[in-house]
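Quick mapping for you: the protein sequence lines, in order, are chains A and B. Taken in order, the first sequence gives residues 1 to 229; the numbers are from the UniProt record's numbering. Taken in order, the second sequence gives residues 1 to 229; the numbers are from the UniProt record's numbering.
2 protein chains.
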Amino acid sequence: MLNNYNAEDKVLLAVDCIIFGFDQEDLKILLIKRDFEPEKGKWSLIGGFLKMTETLDDAANRILYHLTGFDKIYMEQLYNFSKIDRDPAERTLSVAYYALINIEDHDEKLIEQYSAKWFSIDEAPSLIFDHNQMVQKAILRLRRRAISKPIGFELLPEKFTMRQLQKLYESILDEELDKRNFINKINALDILVKLEEKDMTSSRKGSYLYQFDKEKYDRNVEDGITFKI
Amino acid sequence: MLNNYNAEDKVLLAVDCIIFGFDQEDLKILLIKRDFEPEKGKWSLIGGFLKMTETLDDAANRILYHLTGFDKIYMEQLYNFSKIDRDPAERTLSVAYYALINIEDHDEKLIEQYSAKWFSIDEAPSLIFDHNQMVQKAILRLRRRAISKPIGFELLPEKFTMRQLQKLYESILDEELDKRNFINKINALDILVKLEEKDMTSSRKGSYLYQFDKEKYDRNVEDGITFKI
DNA sequence: GCAAAAGTGTTTAACTTACACCCATGC
DNA sequence: GCATGGGTGTAAGTTAAACACTTTTGC
Chain A
1 MLNNYNAEDK
11 VLLAVDCIIF
21 GFDQEDLKIL
31 LIKRDFEPEK
41 GKWSLIGGFL
51 KMTETLDDAA
61 NRILYHLTGF
71 DKIYMEQLYN
81 FSKIDRDPAE
91 RTLSVAYYAL
101 INIEDHDEKL
111 IEQYSAKWFS
121 IDEAPSLIFD
131 HNQMVQKAIL
141 RLRRRAISKP
151 IGFELLPEKF
161 TMRQLQKLYE
171 SILDEELDKR
181 NFINKINALD
191 ILVKLEEKDM
201 TSSRKGSYLY
211 QFDKEKYDRN
221 VEDGITFKI
Chain B
1 MLNNYNAEDK
11 VLLAVDCIIF
21 GFDQEDLKIL
31 LIKRDFEPEK
41 GKWSLIGGFL
51 KMTETLDDAA
61 NRILYHLTGF
71 DKIYMEQLYN
81 FSKIDRDPAE
91 RTLSVAYYAL
101 INIEDHDEKL
111 IEQYSAKWFS
121 IDEAPSLIFD
131 HNQMVQKAIL
141 RLRRRAISKP
151 IGFELLPEKF
161 TMRQLQKLYE
171 SILDEELDKR
181 NFINKINALD
191 ILVKLEEKDM
201 TSSRKGSYLY
211 QFDKEKYDRN
221 VEDGITFKI
């Protein structure tokens, strides 16, 4: 270990974002067509480079804001990828972040402008560099989060039906869940408010809308109390 | 997002290691007295800077090897800390790794040479920069790992008693466990071999020694099958 | 009236927890 | 013979899993 910082190597540090969305059917990720070399024209995660004056969280937020027009998105640092030649152009490390956004909220113009597109997880194209690996790791992390705390409301509209919530969990976990057991578990958590309103778009009978209640959540789920879907 | 790598900022990237050990009583971490500025003379995690020619895992291994004389240690990347002024001398990011080593195996000479010392988790001194935060995060991660897979054999000698294993888990989780329930759960995993030998140092009756069986482990626990202590 | 999705409880099985006594040995 | 830590099983409680029928309403 040296005591002279000047003698040390400096590196380029990228931040790449796995942006998850949900369209009431499938879990999706937002990808862009890369418009510069290397690998121009191929699909890629959205990313950018860390600036001297920002933290990694700042950088991830900045990058996301540029593409989607939103800040205050749920976001979490995933892993630092550091294979020597992961970027053929130059030695670059990349810190992957994953983010959850409500697919209906984003600004379509911005997305067009960046040639971005939503892909279902299983239909996503092959990506540049180690981005496929990043996505895989992000899915696993999301899955682990999802079974231990009620994450994922960020992926739904403000008001949603139980069925939508269940479908979201099914697509995150990639398995079917029992309707009654699911509802019982969610209700046991006591973190939602049932509204008077019904959603009439998906059935003749209509289904009650629910809303996530942050206060209830903090009261009932904080302190790392976990549940199991 | 720019398309010219040269215009981007480069940063110093440190790797800091939280080294866990276990002395049959307490969970410990290995700290060093820093012998250079800034913060010379204060306690710190062991660390170093990433070199152009190595991955983060390489760097963490190199740093650990220098201090302990061991390679092939269990190690896992924890998080990338990036607060702007975390190092007052210069903008530096740090990727924290945590490692588990058998406290009896390490090379004491090397440790003396670096003025390193083992501290019980609750008696550790205040550390430089954001190193306390790193340690906290590492403990939480270790705890989460410990309850979901039988990690931690790296912290024990090759042959160990059930009591030792239980004490290790108790010190990781910072709670007392029931002796019978613990043994039943561990046995249910079927990943240990019970030896004929007994350890006579801790009681007159002596207690059977066990050994971790990698093959059994792979056969019975692989595929992310988790358990709960 | 019928198709399509919504809503609702109970029984069974699995797992987790709590708990207390005898054993072997060295001194 | 007694003090010390080692070893062992069961019953009760809790949690998770499996399961099917009725309701509403637009067409």
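Glycine included, every Cβ here is placed at the ideal spot set by N, Cα and C. Predicted, not measured: the structure shown is a model, and the values here were computed from it.
| Check | Outcome |
| --- | --- |
| I'd like the span of the beta strand (DSSP E) that includes K40 (chain B), first residue to last. | Looking at the DSSP string, K40 (chain B) is not in any beta strand (DSSP E), and its letter there is neither H nor E. |
| For L67 (chain A) and I111 (chain A), which I take to be in contact (beta-carbon distance under 8 Å), what is that distance rounded to the nearest angstrom? | 7 Å |
| Between V11 (chain B) and K10 (chain A), which are expected to be in contact by the criterion C-beta below 8 Å, what is the C-beta distance as a whole number of angstroms? | 6 Å |
| Fully enclosed by the stretch 123–192 of chain A, which beta strand (DSSP E) runs are 3 residues long or longer? | 159–161 |
| Could you check whether the Cβ of L56 (chain A) sits closer than 9 Å to any Cβ belonging to chain B? | yes |
| For the stretch 58–86 of chain A, list every residue whose C-beta sits within 8 Å of some C-beta in chain B, in sequence order. | I63, H66, Q77, Y79, N80, S82, K83, I84 |
| Shortest alpha-carbon distance to residue 254 (chain B) belongs to which of A:M75, A:K185, A:D178, A:K51? | The displayed coordinates of chain B run from 1 to 229. Any statement about residue 254 (chain B) would go beyond what the structure contains. |
| Taking Cβ positions, are L56 (chain B) and V135 (chain B) nearer each other than 9 Å? | no |
| Quick check on the DSSP output: what are the complete beta strand (DSSP E) runs of length 3 or more inside the stretch 197–228 of chain A, in order along the chain? | 207–212 |
| Using the Cα positions of V221 (chain B) and L177 (chain B), report the straight-line distance between them to the nearest angstrom. | 22 Å |
| Under 8 Å by Cβ, that's how I've got A96 (chain A) and F81 (chain A) pegged, so tell me the actual separation to the nearest angstrom. | 6 Å |
| Should E158 (chain A) be flagged as near chain B, meaning a C-beta pair shorter than 9 Å? | no |
| Apart from the five residues just before and just after M104 (chain B), which ones in its own chain have a Cβ nearer than 7 Å to its Cβ? | In the sequence as displayed, the identity of residue 104 (chain B) is Glu instead of Met. Excluding sequence neighbours, E104 (chain B) sits near P157. |
| Since A59 (chain B) is in the alpha helix (DSSP H), which residue starts that stretch and which ends it? | 56–68 |
| Chain A partners of V95 (chain B), CB-CB under 7 Å? | N80 |
| Closest to M162 (chain A) by CA distance: which of A:F227, A:K194, A:Y74, A:E154 is it? | A:K194 |
| Out of A:D190, A:N61, A:K185, A:D199, which has the shortest C-alpha to C-alpha gap to Q164 (chain A)? | A:D199 |
| I'd like to know whether the C-beta of A116 (chain B) is nearer than 9 Å to at least one C-beta of chain A. | no |
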